[in-house]
Each structure stands twice: as C-alpha cells, then as structure tokens.
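**Student:** Taking this note's numbering, the leading residue of the sequence shown gets 3, the next gets one more, and so forth.
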Amino acid sequence: MAPIPRLRDYRGPALLSYGFRPFFLFGSLYAGLAILAWLPMFYGELALSTAFAPRDWHVHEMLYGYLPAVITGFLLTAVPNWTGRMPLQGRPLLVLVLVWAVGRVAVTTSAWIGWEAAAVIDNAFLLLVAAAIGREIVKGKNWRNLKVLIVLGVLAAGNILFHIEAHLLGAADYGIRFGIAATMMLIMLIGGRIIPSFTRNWLARENPGRLPAPFGRFDMVTMVAAGAALLAWTAAPGWRATGAALIAAGVLQTLRLARWAGERTWRDRLVLILHVAYAFVPLGFVLTGLASLGLLSSAAGIHAWTGGAMGVMTLAVMSRASLGHTGRALAASASMQGLYLLLVIGVVARVCAALHPDWSDALLHVAGLSWTGAFVGFALAYWNVFTRPRVFS
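#1: State the CB to CB distance for the pair residue 258 and residue 221, rounded to an integer number of angstroms; the pair is presumed to be in contact (CB under 8 Å).
#2: Just to confirm before moving on: does the CB-CB distance between residue 1 and residue 284 stay below 7 Å?
#3: According to DSSP, is residue 169 part of a helix, a strand, or is it coil?
#4: Residues in the same chain with beta-carbon distance under 7 Å from residue 224, minus the five sequence neighbours each way, listed in chain order, please.
#5: Are residue 234 and residue 247 close, meaning C-beta to C-beta below 7 Å?
#6: Just the C-alpha distance for residue 350 and residue 362, rounded to the nearest angstrom, thanks.
#7: Got a sec? Which residues, its chain only, sit under 6 Å from residue 348 by beta carbon, not counting five neighbours each side?
#8: Taking the beta carbon of residue 360 as the centre, do at least 16 other beta carbons fall within 10 Å, making it buried, or is it exposed?
#9: Buried or exposed for residue 95, please, with buried defined as at least 16 other CB atoms from any protein chain shown within 10 angstroms of its CB.
#10: Taking residue 99 as the reference, give the member of 315, 45, 130 with the closest Cα.
#11: Please report the distance separating the alpha-carbon of residue 38 from that of residue 300.
#12: So is residue 364 buried or exposed if we call it buried at 16+ other beta carbons inside 10 Å?
#13: Under the three-state reduction of DSSP, which class applies to residue 15: helix, strand or coil?
#14: Could you work out which residue in 279, 281, 307, 278 is closest to residue 290 when comparing CA atoms only?
#15: Would the beta-carbon of residue 51 fall within 7 Å of that of residue 114?
#16: The ligand MN and residue 32: does the residue's C-beta get closer than 6 Å to at least one heavy atom of that ligand?
#17: Drop a sphere of 10 angstroms on the beta-carbon of residue 145, count the other beta-carbons inside from all chains shown, and report buried for 16 or more, exposed for fewer.
#18: CA-CA distance, residue 280 and residue 228?
#19: To the nearest angstrom, how far is it from the Cα of residue 249 to the Cα of residue 243?
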C-alpha cells in the first residue's frame, strides 16, 4: 500500500487519524492477552461466562475477533489510495473500534447476555465495516475493488455459521474450518501478489540476480488445487481423498514459494519474514493432509495455518505497513526482528506439541507465552508509531 496522498484538516488524536493505527494496536494487544486467558482455560483453571465451549472461544476470538481487526485496519488504509477520497478518521473510526471491542466483550459474556444477542453484536462489526468501505468505493467510483466486500461477506457468513453451529451442536467444527479455509485463500491470494513484488523491488535495488517468477499459469494452478483441497477439507476432513488433495496442494505451494527467491532476501528481514510466514502455508497443507489420512493429530496442521501462516503473516504485514504509512524507513529494528523470531519459535512449539503429546505441557506454555510476547511486544514497540503524528521527511 502506498502512503495516503492527502488528509483532512484533522486535529484529533493521532491514533484515530488512520484506520491501521487503532486496529493494529488494539488487535495485536488483544491477540496477545487473549492467549494469557486461553492457557488457564485449557487446563481448567479459568472459566469465562461465554456460551462457547473453551476451544471454540479461543478459535473464535483469533479467527473472527483478531483477524477482522487486522483486515479492517488494512482496508481502511488502502481504500483512500484506491478511491482518492479522504480516509475514515476521528469519530466514525472510533465508532468502528468501539463496536469491535464491544463484540469481544459480548462473545466473552454470551452466557450472561444470551447467544443471540452476542451473535448480533459480534456480527455488527463486519457489517458496519463492509458498509463503510462499500460507501467509499462507490463514492469514489472504484468499481473493480468492490470485490473486497466478498472477503468481508465471507468472514461475516463464517461468523454467523460459527455462532449458530456452536449453539445448536455444542461445537463449531464447520464454522472453524470454513473460516480457516477462507483465510488461507486470502493469504495465498494477497501473499502471492505482495511477497514477489516486495522481493523483486528489494532484489533489483540491493542484490541483483535471480528475481521472483511473475504471477502466471502455475500460480493459477496452485490456487485452484489449494481451493479444491480446502473445500474438500471443510466438507469432509476425514476422507482419504481429502488427505491426498491437501498433500498435493502442499507440494504445489512449496514449489510456488521456491519460485519467489526468498533465500536471497536474508539481509532485509521485513521481506524475509514474509517468506517465512508463507512457508507455513504448504506445511499446514501437508500436516492437515496427513491428519486426514489418520497419521497424526489435526491440531498440528491447523496451528501451522493459524499460528504460522495467519499469525506470522499478519505481524509481518502490520509491522511493514505501519512504518510505510507513517513516513518511517522500511527496516526491521533489532527488537522487531526478535519479536519475529519469538513468534516463529512459538508456532513451531505449538505444532510440535500436537506431534509429541508427551512434551505437550511444556511446549504449550512456550507457544502461548511466545505468542503473547510477540504481539504485546509489537504493540509496545510500535506504540509511538500508532499514537504520534506521521513523520514527514
């Protein structure tokens, strides 16, 4: 995303001057602190007044709580560049942030207020975001980007399914798989555009030689194969044919990643971390495929996708976009590099906890504390980035 070209005469808090500021800040804080609640919930030491089962609360708040906040921050900052219109600022932006926050409270207290009320409050956020972004795109006559409303619509549909399924069946298995599959398609689509682009730009300037392969027919084949495998997994995760399709998609995604020359970006950690994040995409496909064949726990592949591909990718994108949109140099500080490493260690520990049950207690604590440290650490490290005015060079 290029920097926003123009702004209103805005005199309010800097935190509310761009969409990415509050949503990246509060989203990352929530992602980290929610895991501190999840660990004692997992061990039966803490009970929340939620109508969801403990596992479903944990998954929901990452998949339909944290993730929509990051997507919203990204879209609210990108849309002005697409449309040439002023960004959402001040009170309207504050309203969206408060609706998101109230949704988190509603889900966590849904046993008190009722699952129906929680579902309505929780889903109001994505609907308001879709309305706000749709209005800007229509006003700006930027018709080709109306397709972003499909992404928000899919997330909203998955969230509604999650609430209804959890209430009627006691567990939201289809809602979870639907949300994960949709998010993975989004990561493969956006990652397949931005990772080669950022890599090519840096290599052409700093390390001439082999460049990433351009988007082409091979990428289309990998996307179709991955989409079909995810669709099969969402509907029938235990079928052997599903397992074979997932593993085949994982092999294709590995080849796709290898075509992007990531091994040549070691000196630019802002670019390198994007390749590391994407590596969890094929790993998740292979591990989930093996689980579908009954060879290992499904938790390994799911956490490679959710903690790895989603968690590491969102941290990478947030850290890069926040620097660019506030006029700062696109370079990962030593502390930010440490947070990247901490998060990757946490994801690997969580995957290994599913693969080695005898070590699970220690590995789960390493995973949870690493995740919390990475996201809370990011919020603290970028506090001035989010809360102070843009730097003009």
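Just so you know, even glycine gets a beta-carbon here, dropped at the ideal spot from N, CA and C. Keep in mind that this is a model prediction, so the values were computed, not measured.
**Tutor:** Once the coordinates are examined:
#1: Confirmed, about 6 Å.
#2: Shown here, the chain extends from 3 to 395; a query on residue 1 therefore has no answer.
#3: DSSP places residue 169 in helix when its eight states are reduced to three.
#4: Cβ neighbours of residue 224 within its own chain (closer than 7 Å, five residues either side excluded): 254, 255, 258.
#5: In this structure, residue 247 lies closer than 7 Å to residue 234 by Cβ.
#6: Approximately 12 Å between the Cα atoms of the pair.
#7: Result list for residue 348: 369, 372, 373, in chain order.
#8: With a 10 Å radius around the Cβ and a threshold of 16 neighbouring Cβ atoms, residue 360 comes out exposed.
#9: So residue 95 counts as buried.
#10: When the alpha-carbon of residue 99 is set against those of 315, 45, 130, the nearest one is in 130.
#11: The straight-line gap from Cα to Cα measures roughly 23 Å.
#12: Counting Cβ neighbours within 10 Å, residue 364 comes out exposed, since fewer than 16 surround it.
#13: Residue 15 carries a coil assignment under DSSP once its states are collapsed to helix, strand and coil.
#14: The candidate whose alpha carbon is nearest that of residue 290 is 307.
#15: Yes, the Cβ-Cβ distance between residue 51 and residue 114 is below 7 Å.
#16: This structure lacks the ligand MN; in fact it carries no ligand of any kind.
#17: When all chains shown are included, residue 145 counts as exposed.
#18: Pairing residue 280 with residue 228, the inter-Cα distance amounts to about 14 Å.
#19: A straight-line Cα-Cα distance of about 10 Å links residue 249 and residue 243.
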